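First the structure, in the form of structure tokens, and then the observations on it.
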Amino acid sequence: MKSPVTIIRSVKERKDRCTIWPLRNHPLVRVVGYPFKTKPDVGPATLLWTDGPGLSAADAGKPLVLLDASWRRAQTMRSHFPDLECRSLAGIRTAYPRCSRYGTDPDEGLATVEALYAACRLIGLPTEGLLEHYVWAKDFLASNGWDQPEPTSVSE
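Every position in the sequence shown, counted from 1, becomes a number in the working numbering once 55 is added.
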């Protein structure tokens, strides 16, 4: 089965600070290094980004693409996927401590693992294990009113 989520991860990101590196073997995700030799085929997917209509249950069933990089680098990465429909996760609060030296972090920006978790909740994908290695998971869940366990999957 093809993974419903593709994460394009900049190889310049430090693995020890990367929020999705622990998920590289998770059955829900496929992690692709960037820059890539061959652009991955993601099909007619939805790109999570800071602009665009909000992601909702109506987007369920369509593959997701997330970009994992600094915000400056993510802008360049996005240019490789100009035809993808963008959806935002407006209203979701991050728990990740910001540290941009360039002031390029958007107000709506989330850590990649936070965006992944929020998107999965919104479109009905399983969330089990996604925050298992995330240091700020408890704060992230609490700040978004998600303290209670979520069902582990949608019936197929």
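We treat Cβ as the ideally placed atom computed from N, Cα and C, and that holds for glycine. These figures come from a predicted structure and were not determined experimentally.
- Three or more beta-carbon pairs drawn from the region 126–141 and the region 88–104 are found closer than 8 Å, and the two stretches are therefore classed as touching.
- A straight line joining the alpha-carbon of Ile147 with that of Thr74 spans about 17 Å.
- For the pair of segments examined, the region 165–183 was found to touch the region 112–125: the number of CB pairs separated by less than 8 Å reaches three.
- Taking 8 Å as the upper bound for CB-CB distance, Leu110 and Leu185 are not in contact here, some 16 Å apart.
- Straight-line measurement puts the Cα of Asp202 at about 5 Å from the Cα of Leu196.
- Inside the region 84–152, DSSP marks whole alpha helix (DSSP H) runs of 4 or more residues at positions 126–133, from first to last along the chain.
- In terms of CA proximity to Ala166, Leu121 leads the group Leu139, Asp96, Leu121, Lys92.
- When the beta-carbon positions are compared, Ser65 and Asp106 stay at least 8 Å from each other.
- Under the 10 Å beta carbon count, Ala145 is surrounded by fewer than 16 other beta carbons and is classified as exposed.
- With a 10 Å radius around the Cβ and a threshold of 16 neighbouring Cβ atoms, His188 comes out exposed.
- The Cβ atoms of Pro59 and Leu119 lie closer than 8 Å to each other.
- Boundaries of the alpha helix (DSSP H) harbouring Val168: 167–178, taken from the DSSP string.
- Between the alpha carbons of Arg69 and Cys175 lies a distance of about 25 Å.
- No Cβ-Cβ contact shorter than 8 Å links Val84 with Ile63.
- If you draw a straight line from the Cα of Pro108 to the Cα of Glu140, it is about 9 Å long.
- Here Asp123 is buried: its Cβ has 16 or more other Cβ atoms, across all protein chains shown, within 10 Å.
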